[in-house]
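Enquirer: Quick one: this structure, given as structure tokens, is what I'll be asking you about.
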Amino acid sequence: MLDINTILDKVKSHAQSLGVFGSVNTFEPTTPSSNDVDCSIWLDEIIPVTSSGLASTSVCVTFTVAIYANMLAEPYDETDAKLIRALDALMTAYNGDFTLDGTIRDVDIFGRHTQGLRVTAEYFKPDGVLFRVLTITLPLIVNDVWEQEA
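So the sequence shown is residues 56 to 205, counted in this note's numbering.
Structure below.
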């Protein structure tokens, strides 16, 4: 059985425990937030992985973790620096707690089963307000989720 609530709670609690975000949500944002650096987490995909056991299927649960800040917050030249500091804190947490307190097998950092842990920089414009976003693709490998029939 895939315990998605526990996995999502662990991903969210890592972000919250860092103390670098104004808010941490478990949904894709549709409206502007404050002038803080904020974090949103949502499911991207679930795929089987080839390292499953003989009678079970293991999966990669991939989350999108978006770190974002209002581009119009002053000072303007501090926006990327704030985002990168928050990103560094999150990447340190993902690398330091490789199993999310034993909840998963591992974070697929180097891409054994996926494209790996990665970050892209982009923009989004909810309600006409421009935000700078660092989007983390967070692949989590979970052992023996579903039993297979012989």
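Glycine included, every Cβ here is placed at the ideal spot set by N, Cα and C.
The structure presented is a predicted model; accordingly, all values stated were derived computationally and were not measured.
Roughly how many angstroms separate the alpha carbons of leucine 109 and valine 200, rounded to a whole number?
Expert: Computed Cα separation, rounded: 12 Å.
Enquirer: Distance, Cα to Cα, glycine 74 vs tyrosine 178?
Expert: About 23 Å.
Enquirer: Measuring only the C-alpha atoms, how far is threonine 190 from serine 95?
Expert: Spanning the two alpha carbons is a distance of roughly 10 Å.
Enquirer: To which residues does DSSP link serine 95 through a beta bridge?
Expert: Paired residue(s): Asn80 and Ala121.
Enquirer: When the distance is taken between beta carbons, is isoleucine 196 closer than 8 Å to cysteine 115?
Expert: Their beta carbons are under 8 Å apart, which means cysteine 115 touches isoleucine 196 by this criterion.
Enquirer: Check threonine 190 in the structure and name its three-state DSSP category.
Expert: In the structure shown, threonine 190 sits in a strand (DSSP, three-state: E or B).
Enquirer: State buried or exposed for arginine 173, treating a residue as buried only when at least 16 other CB atoms are found within 10 Å of its CB.
Expert: So arginine 173 ends up on the exposed side.
Enquirer: Judging by CA-CA distance, which residue of Thr81, Asn198, Tyr149 and Asp135 is the nearest neighbour of histidine 168?
Expert: The option with the nearest alpha carbon to histidine 168 is Asn198.
Enquirer: Report the rounded CA-to-CA distance for threonine 85 versus glutamate 204, giving the unit in angstroms.
Expert: Using only the alpha carbons, I get a separation of about 42 Å.
Enquirer: Express the C-alpha separation of aspartate 182 and threonine 117 in angstroms, rounding to a whole number.
Expert: So the alpha carbons of these two residues sit roughly 28 Å apart.
Enquirer: Could you give the DSSP three-state label for threonine 112: helix, strand or coil?
Expert: Strand at threonine 112.
Enquirer: Please return the same chain residues whose Cβ sits closer than 8 Å to the Cβ of aspartate 56, not counting the five positions on each side in sequence.
Expert: Looking at the sequence provided, one finds methionine at residue 56 rather than aspartate. Hits under 8 Å: Val200 and Trp201.
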